[in-house]
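Chains as they are written, first to last, in the numbering used here: chain L, 1 to 457; chain Y, 1 to 457.
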């Protein structure tokens, strides 16, 4: 089950295109924005319906307002572990039956765990919507967890961790960078969990977490596709509406970061590294925690500075100076608490990581000193909005956009208004947001080297 | 209320001197070791009595098996906050009465909070022992906490934090180093708490913590001085023995560190810094967590490498090369979970922090490559044991040694056997412990610079 990349989660920008003056080129596309419909069942389940009638297909997703950052300390990996266990059987449906049914229908399924949410997804023919709703509603509270199913799955996750993280120096560095960036907040812990803590997760841990967080009043159902709100409402009466509210999850107040006062570096040298790199992650506000329009400005800053081959970092380091093989920036704005802004570069042979870092710093200093020009900003806006639109050609992305927004403290209106608010950002706002966010004292620089570590490192 | 320095906590080495072949020089000193007596009251209170009859004085300490590392995440500073609140009144004794009584007796008092314990201390004339026992037993469960007393005390702590940490770049760096060193364990959080979390501590938080952890079955009474076990036992019957057990504190299982794979650096530059410095902290086992004799070997390694002006680091960097104004090492072996081994140097004008770091690394490499010679090790043993003996000339240190050992997972026997086990360490054991502990990948290098930070740092 893949970890959701949070890039372009505000992709539902598409929804707003009908309102946007610059959107005429895309007007052939159906306008889904104003048709988003929502209702809430008596048991507290929020439902979002996004009609998308291009094909007789539906995307069905259930989102739980719980992620790895909601875990108790010492039990890292529990949210992700439960995600795996949700594919085991219930009293009504033995293990495998749900997945087999989706496969027989020619459908797709997946699930993902992030810091802030856990979600389950099926894409099936329209006629099968009720079937997947029955299955999904059933496993919301009906999961049967015995040591027989729990313990082997834990081994699966340990192996997943070994193959994805422990055998990959880049992934190891990335974990150490996160643990260093977040001095107090649980975003510093890996979503998959630390190896030694995964080993200690038990059936009771999984069951307690399940009972506390998997309840209709802690979930959001998102259905995108060839349906409307009335049809979905009717289908819920025999399925989700029958699931009883079984707990009141606590408020999602995680420990916050102190004021960060010292710049940090994390270095890993390993013989397996083929491409050295340097990256810097800055603690930055998210859409939810930012003041004013800072998150919108940071999204645009990431495009101007490092979004693709026309960005400043790429042009300067790769094209003009010819010292880097790659360079860029990204910003993960959709999180319940603060987020991060990242810049990175990989050297061409003959250039050092210190060269990369110097060149990255020069570009940031130049942007802050000389500002951003209007044409450059307009191109970034067009690009950012267009990227999200392309993304939304997929029904799954459409559903994801709303699900992730609603589980990270945003409202549907925020999604719909996003393109308009992006368009209103000024060059001064971009520079001001950069000045506030790109401070060394609230950053970690991660250095990945190919030189063998030697005995003592 | 001072934070206890953990240096030389195994000082009760004195106790074992009578057994040691090399201890004849100190034999004029009374041998207290074999006379340490212990008993446990029906309510679970452990009592340790250390007769020390040089003067008609007693040191009375009560130790709670709770420290800042036992706090719930998001409530940092709570253990220390409660320590302050313990000086407020009870139903029987209004605020100030206990302290005034100690002062009128010509006594001393203090209290301290560490990661692993919280302790309260009075030194009074022998005749007053029962009086302090009455007061201390009374406030074990009888504290009256209202917003009137809690909220102003919180401001006192915020001011304590501002004056000690937030206005001192060295202390700020030290907090950031700890937060970086510990990727998962709560030792990464400051004992005093993060400013924004102290601000959020309430009367209810303090009361819940008090009720959970302040109970006779979670405490150790240590009395050192001109008394014996029978006298202390008699005095408890009217005081501590009457306090009811009111909770069962949970097992002290804190989140453990993952395998650390990446070296980290933390840099702080501030115009107020007069003396730049570089230090490196390595995650190291403690006496409780070490395999075999590694903790004993690390204690000796810290003396050989950096204990005073005859140590390797001092002789090399300060005396021979003349590049440093100071250099040294220390090891904090008494903690319930893992600990740290630290090396540091401060440059003489004209020398850089990079010079310091290079010279520190060279000395470590040399020790690991060429080993430690027998004479050098013997001098370190004599010095380490003697230091603890001098320390124990104070009754308070004597009591502290046992209290801190017993609250960090050690036994009285471990304290008594300490000198003997130190004497048995071989040069090979020191080098092996250094090789295991002094790995860059499990370290943080802290850099404190006097250069102004400039706009962007």
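Just so it is clear, CB atoms sit at the ideal spot from N, CA and C, and this is done for glycine as well.
A straight line joining the alpha-carbon of residue 116 of chain L with that of residue 185 of chain L spans about 12 Å.
Contacts between residue 267 of chain L and chain Y, judged by CB atoms closer than 7 Å, involve 262 and 263 in chain order. For residue 71 of chain L, no beta strand (DSSP E) segment is defined, and its DSSP state is neither H nor E.
Residue-level contact by beta carbon holds for residue 189 of chain L and chain Y, with a gap shorter than 8 Å. Residue 451 of chain Y and residue 322 of chain Y have their alpha carbons spaced roughly 23 Å apart. Separation of the CB atoms of residue 336 of chain L and residue 327 of chain L is rounded to 30 Å, and the pair is thereby denied contact status at 8 Å.
Taken in chain order, the unbroken stretches of alpha helix (DSSP H) that lie wholly in the stretch 289-367 of chain Y and span 4 residues or more are 294-306. For residue 395 of chain Y, the number of other beta carbons within 10 angstroms of its own is at least 16, and it is reported as buried. DSSP, reduced to helix, strand and coil, places residue 371 of chain L outside both helices and strands of the structure shown, so it counts as coil. Between the stretch 212-230 of chain L and the stretch 406-417 of chain Y there are fewer than three inter-stretch CB-CB distances shorter than 8 Å, so the stretches are not counted as touching. For residue 158 of chain L, the closest of L:55, L:403, L:172 and L:81 by C-alpha to C-alpha distance is L:81. The stretch 336-348 of chain Y makes contact with the stretch 275-287 of chain Y; the number of CB pairs closer than 8 Å reaches 3 or more. Listed as beta-bridge partners of residue 225 of chain Y by DSSP are Y:51 and Y:58. Under the 10 Å beta carbon count, residue 114 of chain L is surrounded by 16 or more other beta carbons and is classified as buried. Around the C-beta of residue 119 of chain L, 16 or more other C-beta atoms lie within 10 Å, and the residue is accordingly described as buried. Each residue's CA atom was taken as its position, placing residue 447 of chain L and residue 425 of chain Y some 39 Å apart.
Under the DSSP assignment, residue 446 of chain L falls in the beta strand (DSSP E) whose first and last residues are 443-449.
The DSSP-derived three-state label of residue 420 of chain Y is helix. Residue range 395-407 is occupied by the alpha helix (DSSP H) that includes residue 400 of chain L.
Listed along chain L, the residues sitting closer than 9 Å to residue 195 of chain Y by beta-carbon distance are 258 and 259. Taking the beta carbon of residue 44 of chain L as reference, no residue of chain Y falls within 9 Å; the closest one sits roughly 26 Å away. Within chain Y, the residues 180 and 264 have their CB atoms less than 7 Å from the CB of residue 180 of chain L, given in chain order. Here the C-alpha atom of residue 58 of chain L lies approximately 34 Å from the C-alpha atom of residue 165 of chain L. The stretch 253-266 of chain L makes contact with the stretch 433-441 of chain L, as at least three CB pairs between them are under 8 Å.
From the listed residues Y:389, Y:142, Y:297 and Y:98, the smallest Cα separation to residue 124 of chain Y is found for Y:98. Annotated three-state conformation of residue 199 of chain L is coil, per DSSP. Assigned with DSSP and collapsed to three states, residue 214 of chain Y falls in coil, not helix or strand. At least one CB atom of chain Y sits nearer than 8 Å to the CB of residue 176 of chain L.
The beta carbon of residue 126 of chain L sits closer than 8 Å to those of 56, 57, 58, 225, 226 and 227, all from its chain and outside the five residues before and after it, given in chain order. Assigned with DSSP and collapsed to three states, residue 143 of chain L falls in strand. Each of L:196, L:86, L:100 and L:252 was checked against the Cα of residue 214 of chain L, and the nearest Cα belongs to L:86. Below the 7 Å Cβ cutoff, chain L contributes 73 and 255 as neighbours of residue 73 of chain Y, in chain order. Residue 47 of chain Y counts as buried, since no fewer than 16 other beta carbons sit within 10 angstroms of its beta carbon. If you look at residue 127 of chain Y, you'll find it isn't in any beta strand (DSSP E); DSSP assigns it neither H nor E. No Cβ of chain Y is located within less than 8 Å of the beta carbon of residue 145 of chain L.
Residue state for residue 268 of chain L is assigned as strand, using DSSP reduced to three classes.
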